[in-house]
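As structure tokens, the structure follows; a few thoughts come after it.
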Amino acid sequence: MPILSLAMPTPLKRSFDYLLPLDITDLAINDLKPGLRVLAPFGHRQLTGILLEVKNSSDVPAAKLKPAIQILDSDPVFSPQMLELCRWAANYYQHALGDVLSNAIPALLRKGHELIDQKETRWRLSTEGKGLPEGALKRAAKQAQLLTLLQQRTSINTTDLSTSGVSRTILNALIKKDLVEKFASEAAAPTSPNNESDGTEEPLVLNEEQRIALNSVNIQKRYQCYLLDGVTGSGKTEVYLQLIAKCLEKDRQTLVLIPEIGLTPQTVSRFRRRFNCHIALLHSGLTDRERLLSWQSAKSGQAKIIIGTRSAVFTQMGNIGLIIIDEEHDSSFKQQDGFRYSARDIAIKRAHQLRCPIILGSATPSLETLHNAQQSRYQHLHLTQRAANAKPPLYELLDIRNAPMDEGFSSALLAAIKKEITAGNQVLVFINRRGFSPMLMCHDCGYVAQCHHCDARMTVHFQQGMLRCHHCEGQEKLLGFCPDCNSRQLDFRGSGTERSEQALNRLFPNTQVIRIDRDTTSRKLAMQELLENVHEGTPCILVGTQMLAKGHHFPDVTLVAVIDADGGLFSTDFRGPEKMGQLLIQVAGRAGRASKPGKVMIQTHHPEHPLINSLVNNHYHSYANQLLEERKVSGLPPFGHLALIRAESSNPQQPEEFLRALRSGIETNGQTVDSGSRLFGPLPAPMARRAGFFRAQLLLQADRRKNLHQCLKALCNIGEQHTLANKIRWSVDVDPIDMH
Ligand code: ADP
Ligand code: ZN
Ligand code: ZN
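Residue numbering for the sequence shown follows my numbering, beginning at 30 and increasing consecutively.
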């Protein structure tokens, strides 16, 4: 009797056996292929599983097996290659295959929804209707309006009908008169070109460096990873576009991964202007239906270019020819909860599996990627000059020790801002903290507003009249007095974007100040609208968080002001300096991208600090090499490998107890010593309590990846057997990029 082995969307790292659905036909049994979705009972629920194989027997006694409910697909939603990639990822990240697979498909498919039939009902004029002259049906105004609409467009659908304000009754009246007829057509895919200018833009004439980069990439069915290491504004995107053009000539698809949704409108319109082909988007700003349509058009091969954020790495494509990862250093490529994968690393694995070239592009490559390029595992391509004659920005450190400050701005900085605004330029003020102020303190009694659920302070959001915790959903009303002593002497310590915006409005009353952070851009299209103001080119001051650092092209920004560079210098996370360097260079890269030269002013209390000087004087590469030296000495990535096991519980002792059991379990086996791995902890997490949970972690370090994985597997096995395994929450993070 055939048995279905299914991967179910659960945290359990095993497959589940089911009998065939009761109503299945013999014919259907022959068509059962791995990768099909199968609806099956699971506890009291019904879940969508993925068929892994059809077996002849099960270890579970036949009497205990339940039949599956329904086979949901006629064609597998997972290709054999995608199944294999997901198996690899499940093993590499020590995560349940069922959950990996569930992450790899659009939400609607996960929920058991069927594929969307792209046929739609449309209406057009019948032969008789076409015979009517313009301006006919005068006596029935609405009917005349519909007639005109149909005369102008060859056909219409329900959306056209409702946007034109014509009711279904009017349509039916014309159908009854045999003037209009119904027909089925292929729905206009959301991916199709839809603008007159689409595909009309000519490629730019490349400069020497760009041409060398372009010609170095081999668009062939062969794996090779390239690092396109180009300073900000050096024309990396132009190189991508011309590579894609080569790929299109061979009728192959390109997958482009980009960091953030905020970037999408600009990037996408640039691609659309260049290519007159189907371009599918995959990002979290889409509805579930839009996502599924994009996914289908990628899988069918209809979409030639797929642009998406992290999870788009799992998009299946009939005929992939090239993968591009823009801003490969960006931390958004790493999923930080649930299935903690790196989209960049999975993409590289995928390129290898499918034998296609992959380009990692960045002005500030991650240390891992730089190291791989230095070891010749990746081919290193350089763009050292800004394209289009733009000059690199000039840096200046502003020593603010003892300087009089106005809401975080030194007078030297204010003078510089004023000078640029007066000259008709734009200024970007970078402060990596949203809200009004990160700390509320009572001047009379010393009370500090703390989150009740986390070891963290509440951030003041003045405009909303709220105190918010940036680590959990916690929020409360901002009171005008101290809850401990009722004093009204409240002191707001430190600045966030909201406070800087307010200060700038006061200091520059005649200049528009535009704030860009998560709070001002949460609404759909808000970012786009705010940026439209900037692109008009009138003098303005942009103030915002790292959202501003990412990929934007602001031709009229001539000054970038960094309010506080000191935080990153003293970070407890070993990646702190790397992230700070990348962020500063990226923000600085927004200055002087066009004909106007740019300047970057950085306020610091530590103007002699070697790291910040190295960054400002020698720029990213020597800074990065310096950090690589330090990593080498301490055996940290990319020289050593890390995995972090996190545990959390509402019980304060259990997380550490659980992790201690893991450690002692493996040490009695002698496994750590044998494999040359080291364990650190368990220790309380840097934020020991978050959202009401007590948190601890155990860090595993190994010089060789193989040893890391061996040891990690053993730790996970011990963990899964432990009595606390189901009582607490615990997770594994391989190659963690955030140690919190
Ligand atoms: P990056 O992606 O490296 O930050 P972009 O591709 O956005 O750089 O290019 C920066 C600017 O330079 C853009 O306005 C782009 O149109 C322009 N540019 C790029 N390559 C060339 C070229 N070969 N000739 C002229 N202008 C170019
Ligand atoms: Zn008080
Ligand atoms: Zn909190």
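Just so you know, even glycine gets a beta-carbon here, dropped at the ideal spot from N, CA and C.
beta-carbon residue i near ligand 2 non-hydrogen atom, thresh 7 Å
{"i": "Asp484", "result": "no"}
Per-residue burial, residue i [other beta carbons within 10 Å of its own, 16 or more giving buried]
{"i": "Pro538", "result": "exposed"}
{"i": "Leu688", "result": "buried"}
{"i": "Pro232", "result": "exposed"}
{"i": "Gly453", "result": "exposed"}
{"i": "Asp585", "result": "buried"}
{"i": "Cys514", "result": "exposed"}
{"i": "Asp359", "result": "buried"}
{"i": "His307", "result": "buried"}
{"i": "Leu41", "result": "exposed"}
{"i": "Leu114", "result": "buried"}
{"i": "Phe30", "result": "Checking the sequence shown, residue 30 turns out to be Met, not Phe. Exposed: under 16 other Cβ atoms inside 10 Å."}
{"i": "Thr393", "result": "buried"}
{"i": "Gly459", "result": "Correcting the residue type first, residue 459 is Phe in the shown sequence and not Gly. Classification for Phe459: buried."}
{"i": "Glu530", "result": "buried"}
{"i": "Ile145", "result": "exposed"}
{"i": "Thr567", "result": "exposed"}
{"i": "Thr261", "result": "buried"}
{"i": "Asn348", "result": "exposed"}
Option nearest residue i by Cα separation, candidates the options
{"i": "Pro626", "options": "Gly618, Thr633, Gln632", "result": "Gly618"}
{"i": "Leu508", "options": "His500, Gly523, Gln492", "result": "Gln492"}
{"i": "His738", "options": "Phe459, Arg707, Lys756, Arg463", "result": "Arg707"}
{"i": "Gly141", "options": "Leu613, Leu321, His648", "result": "Leu321"}
{"i": "Leu49", "options": "Leu41, Lys42, Ile58", "result": "Ile58"}
{"i": "Val763", "options": "Pro636, Lys756, Lys735, Thr752", "result": "Lys735"}
{"i": "Lys275", "options": "Asn348, Ile248, Glu530, His472", "result": "Ile248"}
{"i": "Cys254", "options": "Arg281, Leu351, Phe45, Arg552", "result": "Leu351"}
{"i": "Gln271", "options": "Thr283, Thr261, Val260", "result": "Thr283"}
{"i": "Tyr424", "options": "Val761, Leu671, Ile631", "result": "Ile631"}
{"i": "Gly72", "options": "Leu65, Ile79, Arg66, Lys95", "result": "Lys95"}
{"i": "Asp767", "options": "Met111, Leu51, Lys363", "result": "Lys363"}
{"i": "Gln99", "options": "Arg552, Ile335, Leu68, Lys506", "result": "Leu68"}
{"i": "Phe45", "options": "Asp88, Leu101, Lys628, Gln147", "result": "Asp88"}
{"i": "His482", "options": "Tyr476, Phe723, Ser34, Cys474", "result": "Phe723"}
{"i": "Val234", "options": "Ile32, Pro135, Leu243, Gly605", "result": "Leu243"}
{"i": "Arg535", "options": "Cys740, Asn305, Lys447", "result": "Lys447"}
{"i": "Asp227", "options": "Ser624, Arg303, Ala743, Ile354", "result": "Arg303"}
{"i": "Ser103", "options": "Arg139, Lys62, Gly621, Arg415", "result": "Lys62"}
{"i": "Ser624", "options": "Ala441, Met576, Ala417, Gly566", "result": "Ala417"}
Contact test: residue i Cβ vs ligand 3 heavy atom, cutoff 7 Å
{"i": "Gly503", "result": "yes"}
{"i": "Ala714", "result": "no"}
{"i": "His769", "result": "no"}
{"i": "Ala478", "result": "no"}
{"i": "Ala717", "result": "no"}
{"i": "Ala720", "result": "yes"}
{"i": "His500", "result": "yes"}
Close Cβ partners of residue i (< 6 Å) along its chain, the five nearest in sequence each way excluded
{"i": "Gly127", "result": "Ala36, Met37, Pro38, Thr39"}
{"i": "Ile273", "result": "Thr283"}
{"i": "Pro681", "result": "Phe723"}
{"i": "Glu505", "result": "Leu496"}
{"i": "Gly437", "result": "Ser524, Ile592"}
Cβ-Cβ separation, residue j to residue i (assumed contact under 8 Å), whole Å
{"i": "Tyr649", "j": "Ile614", "result": "5 Å"}
{"i": "Thr266", "j": "Arg299", "result": "7 Å"}
{"i": "Ile570", "j": "Thr540", "result": "6 Å"}
{"i": "Ile199", "j": "Lys159", "result": "The Cβ separation is near 18 Å, so there is no contact."}
{"i": "Ala327", "j": "Met346", "result": "5 Å"}
{"i": "His409", "j": "Leu256", "result": "5 Å"}
{"i": "Ile353", "j": "Ile388", "result": "5 Å"}
{"i": "Leu612", "j": "Ala672", "result": "Not quite, the Cβ-Cβ distance comes to about 26 Å (not below 8 Å), so this is no contact."}
Distance cut-off 7 Å: residue i Cβ against heavy atoms of ligand 1
{"i": "Thr261", "result": "yes"}
{"i": "Arg581", "result": "Residue identity check: residue 581 is His in the sequence provided, not Arg. Checking every heavy atom of ligand 1 against the Cβ of His581, none is found closer than 7 Å."}
{"i": "Asn244", "result": "no"}
{"i": "Ala97", "result": "no"}
{"i": "Gln239", "result": "yes"}
{"i": "Thr398", "result": "no"}
Beta-carbon contacts of residue i that lie in its chain and below 7 Å, excluding the five residues immediately before and after
{"i": "Glu449", "result": "Val456, Thr587, Leu588"}
{"i": "Ser643", "result": "Ser651, Tyr652, Gln655"}
Cβ-based neighbour list, residue i, same chain, cut-off 8 Å, excluding 5 preceding and 5 following
{"i": "Arg719", "result": "His482, Cys483, Asp484, Ala485, His500, Cys501, Glu677"}
{"i": "Lys279", "result": "Ile248, Gly350"}
{"i": "Asn236", "result": "Gly264, Gln414, Ala416"}
Around ligand 4, which residues pass a check of Cβ closer than 6 Å to any of its heavy atoms?
-> Here the bound small molecules are ligand 1, ligand 2 and ligand 3; ligand 4 is not part of this structure.
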